[in-house]
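Read through the structure below, which is laid out as structure tokens, and then see the notes.
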Amino acid sequence: MKERRLPPDLRRAGVFSFCKGGDYTATTYFRPRHIDKGRSILATIKGSLDYGKNPKKTRDGFLISAYECDLATADAEFLLAKRQYYYITGREQKRDNNILLYQIRQAFKPGEITAEEANRIGYELALRFTKGRHAFIVTTHEDKHHIHSHIYFNSTTLDCTKKFEDFRHSARAVRRLSDTICLENGLSIIENPKPSRGHYGTWLGDEKPPSFQEKLRRAIDAALEQNPSDFEAFLSLMEAAGYAVKRGKHIKFTGPGQKRGTRCDTLKGNYTEQAIRERIANARFVVSGGGSSFEQNAVQVNLLIDIQAKIQMGKGPGYERWAKLFNLKQAAQTLIFLQENGMTDYARLEKKSAESTTAFNALSQKIKQAETRMKDISDLQKHIANYSRTRDIYVQYRKAGYSKKFRAEHEGEILLHQSAKKAFNTLELKKLPSIQTLKQEYAALLAEKKKLYQGYRQARETMRNLLTAKENTDRLLRFSPTVPDQEKQR
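Take any residue in the sequence shown, count from 1 to its spot, add 40: that is its number in our numbering.
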């Protein structure tokens with residue numbers, strides 16, 4: 041289906057909706073913010089940022105990250121940059137045309153991502169879209185059934201000499217970059233988005249009938265709940281549930297009324313063939329519901345609250361009553377987690393916590409190494425291209441006896457050429473690799489990174505739950521030295 045062109049007002053707003061039959065994520069929204077009527081510049085900026093930083097939606101500010109600005113003074117810093125821009129350039133825009141900041145909203149499918157991961161992806165989206173030239177904050181909200189992030193970046197650059205150019209297809213560029221990052225992280229995207237004026241949250245509702253993939257996930261969950269002895273027994277349960285199973289290199293399920301079957305591995309996450317085998321062997325724990333699930337070990341465990349410390353910070357009796365109830369619930373959740381995972385022995389819990397941390401750190405290191413090499417390849421490709429493009433100019437410059445006049449006329453090309461040669465010397469390259477070889481290496485590293493990320497998210501959630509359970513156990517058993525003396529004496 042051909043994508044329709046947005047009318048000017050929607051193109052600027054950058055609202056995209058979903059395509060029927062497709063996934064409902066990751067949706068994006070791009071909007072420039074002008075000065076609100078009857079408000080000052082600072083009040084407008086503060087109002088926008090305060091909405092994003094709402095502690096009730098961001099877990100008391102835990103789900104907020106910032107780039108080149110302080111969270112507490114971001115509004116004042118944005119304003120200061122605009123004043124510096126006026127002093128440096130002498131340009132002053134009319135009130136109606138003055139864009140103060142830009143807002144990007146990025147929403148994800150329920151159960152597919154954690155709030156912490158969404159914040160990290162939002163930060164990466166902002167950094168890559170602004171190329172690191174604009175200060176920004178990323179606030180992730182988890183108050184709705186779908187996790188979503190609000191990104192606010194200053195329209196003025198960090199050096200206060202330029203403003204962001206809201207080009208014709210800004211919103212489309214944001215959406216494409218968001219899709220790229222989501223694919224790199226193994227998340228689903230909207231394949232053929234269309235413009236819509238509807239609220240972005242309504243795209244993710246439960247009113248639409250479930251897709252064949254969603255029905256298949258629910259059927260897999262139902263089959264696994266019957267505790268099949270092995271993978272073949274699981275396939276037999278799927279056939280009993282009305283699914284035609286095609287065995288072979290790739291397992292394929294065809295449900296009632298479905299013309300084309302669904303390959304198991306296209307479901308991703310907890311529903312690939314390997315993930316299902318792990319779930320049968322109790323090597324992977326999943327909380328499922330309505331066909332959507334997220335990877336974690338049995339139950340979600342949260343840290344106990346240090347009530348005495350909070351009271352000393354000024355919290356009142358109402359908070360104390362709530363915190364005591366919260367701690368009671370979390371103590372119960374911790375016990376359930378330990379029992380379901382066979383870790384009622386403290387030594388085993390301690391050992392598994394250390395092992396999970398080591399495994400997570402090893403995966404993180406591998407991903408960082410792949411990302412570093414990918415960046416080096418991108419830089420090398422750029423230098424090779426610049427070297428080839430400016431080679432003839434530099435030869436002429438050398439034949440001209442390094443003429444100052446010639447250099448002044450071609451300074452840009454000469455600087456690019458010299459920068460490329462310097463990079464080659466730093467890398468001690470005797471022979472330049474071909475662009476095709478570098479592209480192949482980059483593609484292999486990207487594939488490896490995607491594969492590593494599948495285990496990375498599982499390892500991180502496992503580590504988080506184990507460390508949280510251990511910390512709670514230490515506090516409950518009064519092992520932790522961080523417990524206040526007043527609490528120990530009670």
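Virtual Cβ for every residue (Gly too), placed ideally from N, Cα, C.
All values reported here derive from a predicted model rather than from experimental measurement.
Helix, strand or coil at Phe-271 [DSSP, three-state] = The residue you call residue 271 lines up with position 231 of the sequence shown. In the structure shown, Phe-271 adopts helical secondary structure according to DSSP, grouped into three states.
Leu-455: which of Arg-429, Ala-440, Ser-474 and Lys-439 sits nearest, CA to CA?
-> Within the sequence shown, residue 455 is the residue found at index 415, counting from 1. Ranked by how close their Cα comes to the Cα of Leu-455, the residues Arg-429, Ala-440, Ser-474 and Lys-439 have Arg-429 in first place.
Where Ala-281 and Glu-313 are concerned, what is the direct C-alpha to C-alpha distance, given to the nearest angstrom?
-> Position 241 of the sequence shown, counted from the start, is the residue given in the question as residue 281. Position 273 of the sequence shown, counted from the start, is the residue given in the question as residue 313. If you draw a straight line from the Cα of Ala-281 to the Cα of Glu-313, it is about 18 Å long.
Distance CB(Asn-194)-CB(Ala-175) smaller than 7 Å = Residue 194 sits at position 154 when you count from the first residue of the sequence shown. Residue 175 sits at position 135 when you count from the first residue of the sequence shown. Yes, they are a contact pair.
Exposed or buried, which one is Lys-184 when buried takes at least 16 other CB atoms within 10 Å?
-> The sequence position of residue 184 within the sequence shown is 144, counting from 1. Lys-184 counts as exposed, since fewer than 16 other beta carbons sit within 10 angstroms of its beta carbon.
Nearest CA to the CA of Phe-70: which residue from Gly-226, Ser-189, Ser-404 and Arg-438?
-> As a first step, residue 70 is located in the sequence shown; it is residue number 30 there, counting from the start. It is Ser-189.
What is the rounded straight-line gap between the Cα of Leu-119 and the Cα of Ile-81?
-> Mapped onto the sequence shown, residue 119 falls at position 79. Mapped onto the sequence shown, residue 81 falls at position 41. Taken atom to atom, the span from the alpha-carbon of Leu-119 to that of Ile-81 is near 7 Å.
Would you report the Cα separation of Ser-88 and Asn-138, rounded to the nearest angstrom?
-> As a position in the sequence shown, residue 88 is number 48, starting the count at 1. As a position in the sequence shown, residue 138 is number 98, starting the count at 1. So the alpha carbons of these two residues sit roughly 15 Å apart.
Taking the alpha-carbon positions, what's the Trp-362 to Pro-150 distance?
-> Reading the sequence shown from its first residue, position 322 is the one you call residue 362. Reading the sequence shown from its first residue, position 110 is the one you call residue 150. Here the alpha carbon of Trp-362 sits roughly 27 Å from the alpha carbon of Pro-150.
Tell me whether Asn-465 is buried or exposed, calling it buried when 16 or more other Cβ atoms sit within 10 Å of its Cβ.
-> What you label residue 465 is simply residue 425 of the sequence shown in a count that begins at 1. Under this definition Asn-465 is an exposed residue.
Just the C-alpha distance for Gly-101 and Lys-491, rounded to the nearest angstrom, thanks.
-> By 1-based counting over the sequence shown, the position of residue 101 is 61. By 1-based counting over the sequence shown, the position of residue 491 is 451. Each residue's alpha carbon lies about 31 Å from the other.
Between the region 406-419 and the region 487-504, do at least 3 Cβ pairs fall closer than 8 Å?
-> The region 406-419, when compared against the region 487-504, does touch it at the 8 Å Cβ threshold.
On the three-state DSSP scale, how would you describe Pro-95?
-> Residue 95 sits at position 55 when you count from the first residue of the sequence shown. In the three-state reduction of the DSSP assignment, Pro-95 falls in the coil class.
Considering only residues of the same chain and omitting the five flanking positions on each side of Asn-426, which have a CB-CB separation below 6 Å?
-> Working through the sequence shown from its first residue, we reach residue 426 at position 386. Leu-456 and Ala-460, listed in sequence order.
When the distance is taken between beta carbons, is Arg-73 closer than 7 Å to Leu-165?
-> The residue given as residue 165 occupies position 125 in the sequence shown. The residue given as residue 73 occupies position 33 in the sequence shown. In this structure, Arg-73 does not lie closer than 7 Å to Leu-165 by Cβ.
Are there 16 or more other CB atoms within 10 angstroms of the CB of Ile-104, so buried, or fewer, so exposed?
-> Mapped onto the sequence shown, residue 104 falls at position 64. That one is buried.
Measure from the alpha carbon of Ala-259 to the alpha carbon of each residue in Pro-296, Leu-198 and Asp-110, then state which is nearest.
-> Translated into the one-based positions of the sequence shown, residue 259 becomes position 219. Distance from the Cα of Ala-259 is smallest, within the candidate group Pro-296, Leu-198 and Asp-110, for Pro-296.
Buried or exposed for Glu-132, please, with buried defined as at least 16 other CB atoms from any protein chain shown within 10 angstroms of its CB.
-> Residue 132 sits at position 92 when you count from the first residue of the sequence shown. Exposed.
Rounded distance between the beta-carbons of Gly-92 and Ile-144, thought under 8 Å | Indexing the sequence shown from 1 puts residue 144 at position 104. Indexing the sequence shown from 1 puts residue 92 at position 52. The beta-carbon separation of Ile-144 and Gly-92, rounded to 11 Å, does not stay under the 8 Å limit for a contact.
Considering only residues of the same chain and omitting the five flanking positions on each side of Lys-202, which have a CB-CB separation below 7 Å?
-> Here the question's residue 202 lines up with position 162 in the sequence shown. Result list for Lys-202: empty, nothing under 7 Å.
Residue span of the beta strand (DSSP E) that contains Leu-368, given as start and end | Position 328 of the sequence shown, counting from 1, holds the residue named residue 368. It is not in any beta strand (DSSP E) - Leu-368 instead sits in the alpha helix (DSSP H) that spans 357-380.
Taking DSSP as the reference, what is the three-state secondary structure of Ile-187?
-> Taking the first residue of the sequence shown as position 1, residue 187 is located at position 147. Here Ile-187 sits in coil by DSSP.
Beta carbon of Met-503, beta carbon of Ser-404: below 7 Å?
-> Indexing the sequence shown from 1 puts residue 503 at position 463. Indexing the sequence shown from 1 puts residue 404 at position 364. For Met-503 and Ser-404, no; Cβs fall outside 7 Å.
Relative to the alpha-carbon of Arg-168, which residue among Ile-221, Glu-205 and Ser-393 has its alpha-carbon at the smallest distance?
-> Within the sequence shown, numbered from 1, the residue matching residue 168 stands at position 128. It is Ile-221 whose Cα lies nearest to the Cα of Arg-168.
Report the partner residues of Lys-445 according to the DSSP bridge assignment.
-> Taking the sequence shown and counting its residues from 1, one reaches residue 445 at position 405. According to DSSP, Lys-445 bridges with nothing at all.
Which ranges would you report for the alpha helix (DSSP H) in the region 393-472 if only whole runs of at least 4 residues count?
-> Entirely contained in the region 393-472, the alpha helix (DSSP H) runs reaching 4 residues are, in chain order, 444-449 and 451-467.
With burial defined as no fewer than 16 other Cβ atoms inside 10 Å of the residue's Cβ, what is the status of Asp-115: buried or exposed?
-> Position 75 of the sequence shown, counted from the first residue, corresponds to residue 115. With 16 or more other CB atoms across the displayed protein chains lying within 10 angstroms of its CB, Asp-115 is buried.
Cβ pair Leu-217, Glu-108 closer than 7 Å | Reading the sequence shown from its first residue, position 177 is the one you call residue 217. Reading the sequence shown from its first residue, position 68 is the one you call residue 108. No. Outside cutoff.
Indicate the three-state DSSP secondary structure (helix, strand or coil) for Gln-533 in the structure shown.
-> Absent from the model: residue 533. The displayed extent of the chain is 41 to 530, so no value can be given.
Measure from the alpha carbon of Arg-173 to the alpha carbon of each residue in Lys-77, Arg-438, Lys-391 and Ala-121, then state which is nearest.
-> Residue numbering aside, residue 173 sits at position 133 when the sequence shown is read from its first letter. If you compare the alpha carbons of Lys-77, Arg-438, Lys-391 and Ala-121 with that of Arg-173, the shortest gap goes to Ala-121.
What are the complete alpha helix (DSSP H) segments, minimum 4 residues, inside the region 141-210?
-> Every alpha helix (DSSP H) of 4 residues or more that sits fully in the region 141-210 is shown, in chain order, as 155-170.
Which of helix, strand or coil does DSSP assign to Ala-83?
-> Locating residue 83 in the sequence shown gives position 43, counting from the first residue. Correct three-state label for Ala-83: helix.
Inter-residue Cα distance where the pair is Gln-480 and Lys-422 = Stepping through the sequence shown from its first residue, residue 480 is reached at position 440. Stepping through the sequence shown from its first residue, residue 422 is reached at position 382. Roughly 16 Å between the two C-alpha positions.
Pairing CB atoms from the region 252-268 with CB atoms from the region 297-307, are three or more of them under 8 Å?
-> Yes: at least three Cβ pairs fall under 8 Å.
Under three-state DSSP, which class holds Ala-281?
-> Indexing the sequence shown from 1 puts residue 281 at position 241. In the structure shown, Ala-281 adopts coil according to DSSP, grouped into three states.
C-alpha gap between Thr-84 and Ile-345, whole angstroms = Residue numbering aside, residue 84 sits at position 44 when the sequence shown is read from its first letter. Residue numbering aside, residue 345 sits at position 305 when the sequence shown is read from its first letter. Between Thr-84 and Ile-345, the C-alpha separation is close to 35 Å.
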